[in-house]
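Just so we're aligned: the sequence shown equals residues 1 to 258 in this note's numbering. Glycine included, every Cβ here is placed at the ideal spot set by N, Cα and C. Computed from a predicted model, the values in this text were never measured in an experiment. Everything below concerns the one structure shown next.
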Amino acid sequence: MTESQRNRINKLIDEGYEFELGEYISKGFGLFQKSAGNFIGFAFVAGMIIVAASFIPIIGSLASNLILTPALMVGGYLGAYTLHRDQPLEFGTFFKGFDYIGQLALAALVTNLIVFACFIPLAAVLYMGGALNFIWELYLNPLAEPEIPNFPLWSLLLLAPVLYFSIAYSWSYHFIAFYKMEFWDAMEMSRKIIGKKWGMFFLFLIVLGLLAGLGFLLFFVGILVAFPVLMCASYAAFADVTGLLEEEEDDLVDHLVN
1 MTESQRNRIN
11 KLIDEGYEFE
21 LGEYISKGFG
31 LFQKSAGNFI
41 GFAFVAGMII
51 VAASFIPIIG
61 SLASNLILTP
71 ALMVGGYLGA
81 YTLHRDQPLE
91 FGTFFKGFDY
101 IGQLALAALV
111 TNLIVFACFI
121 PLAAVLYMGG
131 ALNFIWELYL
141 NPLAEPEIPN
151 FPLWSLLLLA
161 PVLYFSIAYS
171 WSYHFIAFYK
181 MEFWDAMEMS
191 RKIIGKKWGM
201 FFLFLIVLGL
211 LAGLGFLLFF
221 VGILVAFPVL
231 MCASYAAFAD
241 VTGLLEEEED
251 DLVDHLVN
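If you want it as structure tokens, here you go:
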């Protein structure tokens, strides 16, 4: 991250910014439409990679969560970035997320550990109230009718830290890929910026989740469209809020003037 970039980001943290939820969804669709065939092909290949990894016991799940998913998500962002700059999108661009795999894996690992730690108090309450046994029995035998546990509604408040950090760190991968930041600096920068508009980000992710759900309802083709659009929308929001292309535009103006 350059000094001018850091100053611009710190200004966002200090002064705040506008978050145009609807505009980012629209821009996400627009970026997807610029190269729909490439994005659909990428979604298919990425899905097959994740599915194949899931068949490998233990190691496959770890590899998917810490390596494959972060790198492939960043690949989608890089594809959107390329189109945002009006450059031709080559299919190999989608796999350049693996260039950042070390920092991405660390960010994924630490984020998962923090979220897991935040979930422990709720898990303890569920365990003491018998809710975990209830869920497990239903899982083993969906037709069974186990006794419904006494579940304290106040314990749902314990979900707040889980939700907060899950959303607050959601731009960590973006900062690693686009601003070349170390994993912890990227996580903290994400947390500080998203924290300024956390409620809007929560709503934004709900809308993206509904789009993903619609993709599942439309089955195969819908999924191949929905997930690239989600990645493009996420990129569009990040690029707008952080002014990702502003420095390049300023450099171009200076070059033309000189």
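Item: S35 burial status per 10 Å Cβ neighbour count (16 or more: buried); Value: buried
Item: Distance between T93 and L78 (C-alpha atoms, nearest Å); Value: 7 Å
Item: Straight-line gap, L230 to G213 (C-alpha atoms, nearest Å); Value: 11 Å
Item: Own chain, CB closer than 6 Å to S259, minus 5 neighbours either side, in chain order; Value: This structure does not reach residue 259, given that the chain is present from 1 up to 258, and the question cannot be answered.
Item: Chain-order list of residues whose beta-carbon lies under 8 Å from that of F165 (same chain, five-residue window excluded); Value: T111, I114, V115, C118, R191
Item: C-alpha gap between G222 and A160, whole angstroms; Value: 32 Å
Item: Spatially closest choice to I176 from D99, V45, G30, by CA coordinates; Value: D99
Item: Residue span of the alpha helix (DSSP H) that contains W198, given as start and end; Value: 198 to 217
Item: Which listed residue (L89, G47, Q5) has its alpha carbon closest to that of G37; Value: L89
Item: Cβ-Cβ distance between G195 and A168 below 7 Å; Value: yes
Item: K180, buried or exposed, once every other Cβ within 10 Å from all chains shown has been counted against 16; Value: exposed
Item: Own chain partners of A236 with C-beta closer than 6 Å, once the 5 adjacent residues on each side are dropped; Value: Y24, K27, G28
Item: Per-residue burial, W171 [other beta carbons within 10 Å of its own, 16 or more giving buried]; Value: buried
Item: Beta-carbon separation (whole angstroms), M73 vs G102, contact threshold 8 Å; Value: Not a contact, Cβ separation roughly 16 Å.
Item: N- and C-terminal bounds of the alpha helix (DSSP H) containing P70; Value: 69 to 84
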